[in-house]
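To keep things clear, I will list the structure first and then write my remarks on it.
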Amino acid sequence: MQWEWLQESKFKSRLERTQDAMTTMGVSIIAGAMTTLMSGSFLFGAVMSFFNKFGFIICFTIFSSFAWSMFFFPVVCALWGPEDHTGDVAPLISKLHAYAKARFTKESTSDDSTKAKE
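When the letters of the sequence shown are read in order and numbered with numbering that gives the first Met the number 0, they come out as residues 0 to 117.
Set out below in structure tokens:
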């Protein structure tokens, strides 16, 4: 089973894929964070305390999401991201599918044998 997001990058190593992702998507992440922070900062000038608190929640959430997506997540992808078949979840999914299929057929055959005895 191949994943489409792995096929989009023409690079093979983890570091090259991470650099490619940051090059292509980094600008959009920065622009989205900046525009949301600017619009949320207008709530700090409100008279009602609800809007001040809501502005803080928006700005804190966007800032922490920006820090996560620009600093922590790329490091995790560069160190432990998928490379060739390392980090591929397809074998896990196929093993779980085989386990569930074996368990289901085992239960259905045992149900049939108990019905036959009755």
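Cβ atoms here follow ideal geometry from the backbone N, Cα and C, with glycine treated the same way.
Query, Result
"With 16 other Cβ atoms within 10 Å as the buried cut-off, status of alanine 45", "exposed"
"Alanine 77 versus glycine 31 - alpha carbon distance", "23 Å"
"Unbroken alpha helix (DSSP H) run spanning alanine 20, endpoints", "13 to 40"
"Classification of glycine 102 by the beta-carbon crowding that lies within 10 angstroms, buried from 16 upward", "Sequence check: residue 102 is arginine here, not glycine. Exposed: under 16 other Cβ atoms inside 10 Å."
"Proximity below 9 Å, CB of proline 121 to CB of alanine 20", "Outside the displayed span of the chain (0 to 117) sits residue 121, for which this structure offers no information."
"Inter-stretch contact (C-beta, 8 Å, three-pair minimum) for the region 51 to 62 and the region 21 to 40", "yes"
"6 Å CB neighbourhood of arginine 16 in its chain, flanking five on each side removed", "Ser8 and Phe10"
"Span of the alpha helix (DSSP H), counted from its first residue to its last, around proline 81", "Proline 81 -> no alpha helix (DSSP H), and no H or E assigned at all."
"Serine 8 in three-state terms, based on DSSP", "coil"
"Within 9 Å, strictly: CB atoms of isoleucine 61 and threonine 22", "no"
"Beta-carbon proximity check, tryptophan 79 vs arginine 13, cutoff 9 Å", "yes"
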